[in-house]
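Residue numbers (our numbering): 21 to 412.
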Amino acid sequence: MKEHLMSTYARLPIAFARGEGVWLWDEQGRRHLDALSGIAVCGLGHAHPAVASALAEQVATLLHTSNLYRIPLQETLGARLCGLADMDRVFFCNSGAEANEAAIKLARRLGHAHGIDLPRIVVMEGAFHGRTLATLTATANSKAQQGFEPLVDGFVRAPFGDLAALERLAAQESGIVAVLLEPIQGEGGIRIAPAGYLRGVRRLCDQQGWLMMVDEIQSGMGRAGAWFAHQLADIQPDVMTLAKGLGNGVPIGACLARGAAAGALQPGSHGTTFGGNPLACRAALAVLDTLEAENWIDRVATSARHLIDTLRATLADLSMVREIRHQGFLIGIELDRPASSLPALALEEGILINVTAERVIRLLPPLIWEEEHTHYLVPRLRRALDRLISQG
């Protein structure tokens, strides 16, 4: 049947029938440990009772009405998120790419309002912001861009983590209205902003009158050990985008803004059909309620430390491991060689992992991770790596 699907994915030959917590069962009934969370989506794991109950109730009540009318659940969710992020307003959509698209449009519109005819946004090398034409242009991946030219104009690229390079752009380039960056680059190989960098960007944005826009689509919703990764640097962005873990599997994205940025988009300037409908908002509210009630974010640092310590002890003698880096449950194990075959080897061991940036093992465990899951994962990952070595 798969011949009727466009060939946009190199899928592994497995399908899952059900999930519970950190575990997935395939169609043959074999159990697998999900250390990827559907790429940082299922922070509360699979079939969480609180989320499942809220969704079942909402499905039986009201799914969708459109944004032509008030949506009380959207208003409640907007207030909760703005309170957590110290923002003023939020635009809800369906995905991270759409959230970043809204941020880009917001920055351009504000630039035009300030008399800048060709507003430009600084984006970072190694970044990933989505696959729409605008967000693909903002993404630093020539392979992903190939064949989709012409790309969208209006972006300037800078090295990630290099504040001096950003200061040189400020002196040399005109028309810049915003900086868009990930506090922790996920697709780029779990690259964490160096100490002081985010504060420096914030300071430069204030000096230049630029918006500071942070993409927290992968790093937000508790994954970094705080509600949002930028909070660990004690800075306040002007715009923040969310998705992935916000709905625990139900598609929802959000673009939050404060100050002048919060008023840049007006009726008719942007919109969405499905974004922020009752079902999606009910899912996100159930996620917020559960994260708060069960203190999962407070536990991330401890759970992640145990996993990192176990990984370092178990992989210490492997010369192929160059570095293990992490912030909370965003974990990257950089190897000295490409490892595209590793996810399939890991699958045979009963664990779900991912490789990004060609040679970085990416682990994105659910926030409900316990020590017993670490003891299941790490020896199996070691065996998969040993098999990768034997392949030469």
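Just so it is clear, CB atoms sit at the ideal spot from N, CA and C, and this is done for glycine as well.
Backbone CA spacing between His52 and His395 [nearest angstrom]: By 1-based counting over the sequence shown, the position of residue 52 is 32. By 1-based counting over the sequence shown, the position of residue 395 is 375. Roughly 14 Å between the two C-alpha positions.
May I ask which residues mark the beginning and end of the beta strand (DSSP E) holding Thr376? Residue mapping note: residue 376 aligns to position 356 of the sequence shown, counting from 1. Here the beta strand (DSSP E) through Thr376 covers Asn374 to Thr376.
Between Ile255 and Leu218, how many whole angstroms is the CB-CB distance? I'm expecting something under 8 Å. The residue labelled residue 255 in the question sits at position 235 within the sequence shown. The residue labelled residue 218 in the question sits at position 198 within the sequence shown. About 5 Å separates the two Cβ atoms, so the contact holds.
Taking the alpha-carbon positions, what's the Met232 to Cys102 distance? The residue labelled residue 232 in the question sits at position 212 within the sequence shown. The residue labelled residue 102 in the question sits at position 82 within the sequence shown. Cα-Cα distance, rounded: 17 Å.
Tell me which same chain residues have a C-beta within less than 7 Å of the C-beta of Ile371, skipping the five on either side of it? Walking along the sequence shown from the start, residue 371 turns up at place 351. Only His52, Leu53, Ala55, Leu397, Arg400 and Leu401 meet the Cβ criterion.
With a threshold of 8 Å, are at least 3 pairs of Cβ atoms found where one atom belongs to the stretch 343-355 and the other to the stretch 383-393? Between the stretch 343-355 and the stretch 383-393 there are three or more C-beta pairs closer than 8 Å, enough to call the two in contact.
Between Met260 and Gly131, what straight-line distance do the alpha-carbon atoms span, to the nearest angstrom? Position 240 of the sequence shown, counted from the start, is the residue given in the question as residue 260. Position 111 of the sequence shown, counted from the start, is the residue given in the question as residue 131. In this structure, the alpha-carbon of Met260 lies about 18 Å from that of Gly131.
Which class does Glu343 belong to by DSSP, given the choice of helix, strand or coil? As a working mapping, residue 343 is identified with position 323 in the sequence shown. Strand at Glu343.
Close Cβ partners of Ile10 (< 7 Å) along its chain, the five nearest in sequence each way excluded: The structure shown does not extend to residue 10, since the chain is modelled only from 21 to 412, so the question has no answer here.
Burial state of Ala76, where buried means 16 or more other Cβ atoms lie within 10 Å: To locate residue 76, count along the sequence shown from 1; it is residue 56. That one is exposed.
Starting from the C-beta of Val270, find all residues in its chain whose C-beta is less than 6 Å away, skip the five residues before and the five after it, and write them out in chain order. As a position in the sequence shown, residue 270 is number 250, starting the count at 1. Shown here for Val270: same chain residues with a beta carbon closer than 6 Å to its own, the five before and five after excluded, namely Ala300 and Ala303 in chain order.
At the level of alpha carbons, what is the spacing between Ser73 and Ala274? The sequence position of residue 73 within the sequence shown is 53, counting from 1. The sequence position of residue 274 within the sequence shown is 254, counting from 1. Straight-line Cα distance between these residues: approximately 23 Å.
With DSSP as the reference, please indicate the residues paired to Gly41 in a beta bridge. Taking the sequence shown and counting its residues from 1, one reaches residue 41 at position 21. BP columns for Gly41 point to His66.
What is the rounded straight-line gap between the Cα of Thr334 and the Cα of Glu391? Here the question's residue 334 lines up with position 314 in the sequence shown. Here the question's residue 391 lines up with position 371 in the sequence shown. A direct Cα-to-Cα measurement between Thr334 and Glu391 gives close to 15 Å.
Distance, Ala215 Cα to Glu291 Cα: Position 271 of the sequence shown, counted from the start, is the residue given in the question as residue 291. Position 195 of the sequence shown, counted from the start, is the residue given in the question as residue 215. Per the sequence presented here, residue 291 reads as Gly, with Glu not at that position. For Gly291 and Ala215, the distance between alpha carbons rounds to 37 Å.
Excluding the five sequence neighbours on either side, which residues of its own chain have a C-beta within less than 7 Å of the C-beta of His68, listed in chain order? Translated into the one-based positions of the sequence shown, residue 68 becomes position 48. If we look at His68 and ignore the five residues flanking it on each side, its Cβ neighbours are Asn268 and Thr310.
What are the residues that DSSP puts in a beta bridge with Leu4? A question about residue 4 goes unanswered here, because the residues of the chain that appear run from 21 up to 412.
If contact is defined by three or more beta carbon pairs under 8 Å, each pair taking one atom from either stretch, is the stretch 246-253 in contact with the stretch 136-152? At 8 Å Cβ cutoff, the stretches do not touch.
Buried versus exposed, by CB contacts within 10 Å (16 or more), Leu32: If you number the sequence shown from 1, residue 32 lands on position 12. Counting Cβ neighbours within 10 Å, Leu32 comes out exposed, since fewer than 16 surround it.
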